[in-house]
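Quick notes on the structure that follows.
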Amino acid sequence: MLEDYLLVHKSILPDYFDKVLEAKALVEEGKVKNVNEAAAKCGISRSTYYKYRDFILKTSSLQTGRKAVLGMLLTHEAGILSSVLQTISNTGASVLTITQSLPIHGKASVIISLDVGTLSGSINSLVQRISMQKGVENPRLIAVE
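At position 118 of the sequence shown (counting the first as 1) the number is 145 in my numbering, and the numbers step up by one without a gap.
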């Protein structure tokens, strides 16, 4: 997945990219009630937020890191999370934290932070493996450090 990204100085990009990152942080940290509030607070439209949110990552350093954060929706059925965790384990990555919301309409939002220092293969291949599993929707890389 990282091979699909470019490292570009933000001074040459439109300012709404920074605003999307700011709105994304507000939503992830729970400082706003919803995306509407985050977008309004940052001065962007909801459509701009949704268009770019999964394609903009904030780097914390220029070195290849050892931690990654994945987000996904899981169907509320026995064994789905366990299957995702087994897939992660099979690739050599280690789970650091798991945050799961209460299921609403049969789906739960799950955020998993990983130590990928011993990952065999790429983060992209891990996300692809997870996406092929039954009951997993929209797995995405949220951050890499």
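Quick reminder that beta carbons are idealized off the backbone N, C-alpha and C, glycines included.
- Going by DSSP, residue 100 is part of the beta strand (DSSP E) stretching over 94-102.
- In this structure, the beta-carbon distance from residue 111 to residue 126 does not fall below 9 Å.
- The way I'd put it, the region 79-86 doesn't touch the region 130-144; fewer than three beta-carbon pairs between them come closer than 8 Å.
- DSSP places residue 109 in the helix class (H, G or I) of the three-state scheme.
- A contact is defined here as three or more CB-CB pairs under 8 Å, and the region 111-121 meets this definition with respect to the region 153-171.
- Minimum Cα-Cα distance from residue 36 among the listed residues 154, 58, 170 and 84 corresponds to 84.
- If the five residues before and after residue 45 are omitted, its C-beta is found closer than 8 Å to the C-beta atoms of 37, all from its own chain and listed in chain order.
- Nearest neighbour of residue 121 by Cα position, chosen from 53, 153, 59 and 74, turns out to be 153.
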